[in-house]
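> Residues in the sequence shown are numbered from 1 upward in steps of one, following full-length UniProt numbering.
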Amino acid sequence: MSQGQGFSIPGIGKMKELADAVKKAQQIQEGAKQLQEDLEQMEIEGQAGDGLVKVFVSGNQEPRRVEIAPEALNEGAEILADLVGAAMKDAYQKSTDTMRERMETLTGGLNLPNLG
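So this is what it looks like as C-alpha cells:
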C-alpha cells in the first residue's frame with residue numbers, strides 16, 4: 001500500500017447526502033411551523049370599488065372582517081354583493097400569493113440532493 005492514499009468505503013458519500021437531506025428537511029419543518037404562526041397573525045386586505053369594500057383575511061385565508069363604506073350602500077344590494085365578492089377574491093389572491101412567496105423563500109436555497 002502506498003503512503004498517503006486513504007481508503008474509501010462504498011456508500012459513505014450517499015450516507016452523508018442522506019444525513020444532509022434529513023437536516024435540511026428538519027430546517028424546513030421548523031421554518032414551516034414558524035411560517036404557519038406568522039401567516040395566522042398576518043392581516044391581508046383585499047378591496048373593490050376603489051376601496052368602497054374591503055375584506056381582510058389572515059395569511060392562510062381565514063376571514064377576519066369586512067369594511068363597507070357608507071357610500072357603497074347607495075349602490076344597491078346587487079352591486080354591493082358584487083363588490084364584496086370581488087374584494088374577497090382580491091384578498092384571497094393576495095393571501096395565496098403571500099403564502100407561496102414565503103414558502104419559496106423558506107425552501108429556496110436548500111437544494112435538496114437527488115438521492116435516487
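Yeah, the Cβ is synthetic: ideal placement off N, Cα and C, and Gly gets one too.
Short check: CB of Ala81 to CB of Lys54, under 8 Å?
Their beta carbons are not under 8 Å apart, which means Ala81 does not touch Lys54 by this criterion.
> Output the distance between the C-alpha atoms of residue 117 and Arg100, rounded to the nearest integer angstrom.
Residue 117 falls outside the range modelled here, since the chain spans only 1 to 116, and no answer is possible.
> Let me make sure I understand the geometry here. Which of Leu106, Ala91 and Gly108 has the alpha-carbon closest to that of Ser45?
Rather than Ser, the amino acid found at residue 45 in this sequence is Glu. Cα-wise, what sits closest to Glu45 is Ala91.
> Rounding to the nearest angstrom, what Cα-Cα distance links Lys14 and Ala25 in this structure?
Rounded to the nearest angstrom, the two C-alpha atoms are 16 Å apart.
> DSSP three-state call for Ile26: helix, strand or coil?
According to the sequence provided, residue 26 is Gln. The question's Ile does not apply to it. In this structure, Gln26 counts as helix in the three-state DSSP scheme.
> At a cut of 8 Å, does the stretch 28-43 reach the stretch 67-86 through at least three beta carbon pairs?
At 8 Å Cβ cutoff, the stretches do not touch.
> Measure the CB-CB distance between Ile28 and Thr107 and report whether it falls below 8 Å.
Yes, Cβ-Cβ distance for Ile28 and Thr107 is below 8 Å.
> Taking only three categories from DSSP, how would you classify Ala69?
Three-state result, Ala69: coil.
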